[in-house]
Amino acid sequence: MPLKIPFAKVDCSGNELKYIQEVLNSGWMTTAGKTQLLEKKFSEYIGSKFACAVNSCTAALHLALEAIGIGPEDKVLVPSMTFTASAEIIRYLGADPVFYDVDYATRLATPDILKDALSHHPGIKAVMIVHFGGQAADMDAILPLCRSRGVRIIEDAAHAFPSRRSGKWIGTFGDITCFSFYANKTITTGEGGMLVTDDETLFKRCKVMRLHGIDRDIWNRFTTDESTWEYDVVAPGFKYNLADLNAAVGLAQLERAETMRKARQRCAAKYFELLRDCPHLDLPGLEVAMEDHAWHLFPVVLRSSAPVSRNRMIELLFERGIGTSVHYKPLHRMSYYRERYGLQPEAFPNTERIWQGTFTLPIYPSLRTEDVEYISETLRAILSGT
Ligand SMILES: *Cc1c(COP(=O)(O)O)cnc(C)c1O
1106 MPLKIPFAKV DCSGNELKYI QEVLNSGWMT TAGKTQLLEK KFSEYIGSKF ACAVNSCTAA
1166 LHLALEAIGI GPEDKVLVPS MTFTASAEII RYLGADPVFY DVDYATRLAT PDILKDALSH
1226 HPGIKAVMIV HFGGQAADMD AILPLCRSRG VRIIEDAAHA FPSRRSGKWI GTFGDITCFS
1286 FYANKTITTG EGGMLVTDDE TLFKRCKVMR LHGIDRDIWN RFTTDESTWE YDVVAPGFKY
1346 NLADLNAAVG LAQLERAETM RKARQRCAAK YFELLRDCPH LDLPGLEVAM EDHAWHLFPV
1406 VLRSSAPVSR NRMIELLFER GIGTSVHYKP LHRMSYYRER YGLQPEAFPN TERIWQGTFT
1466 LPIYPSLRTE DVEYISETLR AILSGT
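Below you can see the structure in the form of structure tokens.
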């Protein structure tokens, strides 16, 4: 049977084409007015002081750690239950990741887990928080915990736009927050990302390092009246700027961010309704209101009591036309991190329990209620052996 329900599907039903056309007409394809407008609108949306658009969330995370001064032999706490981008950027700077376990139900860092990790590893310079699946971690408790120990907080919010915790948008808590506009994220520019902060010094450093360590961005160089040719290089920076062509798509996506989030929330609510009490299945734990959740992912866990393995479940769903994914094979199981840091699965009991049984169900704006019903019925049928 051909795949009837893909795992992910982009929604580009807004002003995407119109804004792309404007960029093509302008004759300026790379970082310029559309990117600046996206930065302005994005920071207005969440109420952060500064926003810096980049060509990926990975780039944003790299710039963030560079800006707070992470360097060789520094240690940064990072969850094992995440995508490798959250940890690889620590290695870009010659620093070392120290991996932590997460809560089983939410896949989030908890204040207790972090308190424990910080006391076991005294030299930690920064903590990476991943707002897994679009649900924000308990930042009200995590911030004072880190700040009282002089530990910086970088948030990997690749899943978490728009997302709130205790009435505040993610992007207004830690030192720097990084969002992803990758093709399958909650809003997209194809490839892209956004870094936000309230700290002007950090912002300026990120902006300079985003484009070769040049002290003024290319737009200013070509549009100001004063000597437009001269610039200084203050550091060996990176090539991480977002192109206007991509920003055009982002502006159209941003306009529909809440509409699309609501549509994903509708899918999540239906899954909760139809899969509640489903035997052998653990649904994602909720610590925030439905409307505060970005609903990027709907991960479930098959218990060890289930009549089929996780891998077999994925095959059976595929055969019935349903695309799924796995978030994530943990980093402590990836050969690079496992071998370099001598990591043992026993050190990550919750992450292991998630990993053994987890798979992620489709959730996106154009996923119809009938689709969610079909997916839920198929799952239940497989688990009841019919
Ligand atoms: C997608 C993702 C990233 C990387 O985002 P890019 O924009 O592709 O660089 C980082 N962290 C997490 C948790 C992600 O899911």
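Taking the numbering used here, I'd label the letters of the sequence shown as residues 1106 to 1491. Note that the Cβ used here is the ideal one computed from N, Cα and C, for glycine as well.
Would you check whether ligand 1 has a heavy atom nearer than 8 Å to the C-beta of residue i?
i	result
T1463	no
K1290	yes
A1352	no
T1163	yes
G1298	yes
T1211	no
D1261	yes
V1235	yes
T1187	yes
H1264	yes
A1190	yes
F1286	yes
L1166	yes
Pull the bridge partners of residue i from the DSSP assignment, please.
i	result
Y1287	G1295
F1274	Reading off the sequence, residue 1274 comes out as Trp, not Phe. Beta-bridge pairing links W1274 to R1269.
D1201	K1180
E1260	I1234 and T1282
I1229	K1180
N1346	V1159
S1430	T1465
I1319	V1338
D1387	V1406
I1110	I1427
L1356	Paired residue(s): none; L1356 is not in a bridge.
V1301	A1156 and T1282
Can you tell me the Cβ-Cβ gap for residue i and residue j, rounded? I've got them flagged as a contact below 8 Å.
i	j	result
L1300	I1275	Going by Cβ atoms, the distance from L1300 to I1275 rounds to 13 Å, so no, they are not a contact pair.
L1182	V1203	5 Å
G1238	H1264	5 Å
R1321	C1383	Their Cβ separation, rounded to whole angstroms, is 57 Å, which puts R1321 and C1383 out of contact at 8 Å.
T1135	N1346	7 Å
C1311	A1169	7 Å
L1166	I1259	7 Å
M1314	A1340	6 Å
L1223	R1196	L1223 to R1196, Cβ: 21 Å. No contact.
H1437	P1450	7 Å
A1164	G1298	6 Å
Could you give the distance in angstroms between the alpha-carbon of residue i and the alpha-carbon of residue j?
i	j	result
G1279	T1302	8 Å
E1335	I1319	10 Å
F1286	L1356	11 Å
N1289	F1188	14 Å
G1199	A1214	24 Å
I1468	D1116	12 Å
Y1150	P1267	9 Å
A1262	C1283	5 Å
P1177	D1201	8 Å
N1120	V1354	8 Å
F1423	I1487	12 Å
E1127	S1271	39 Å
H1226	K1180	9 Å
F1343	S1118	33 Å
F1147	A1156	7 Å
P1389	A1172	34 Å
I1459	V1406	6 Å
E1457	G1138	46 Å
V1159	G1152	19 Å
Is it buried or exposed, residue i, if we count other Cβ atoms within 10 angstroms and call 16 or more buried?
i	result
M1395	exposed
Q1240	buried
R1252	exposed
L1103	Residue 1103 lies beyond the residue range present for the chain, which begins at 1106 and ends at 1491; the question has no answer from this structure.
V1338	exposed
V1232	buried
Q1370	buried
R1445	exposed
L1359	buried
N1130	exposed
V1431	exposed
K1145	exposed
E1420	exposed
R1212	buried
R1366	buried
T1364	exposed
K1123	exposed
Closer than 9 Å, CB to CB, is residue i near chain D or not?
i	result
T1463	Among the protein chains of the structure shown there is no chain D, as only one such chain exists.
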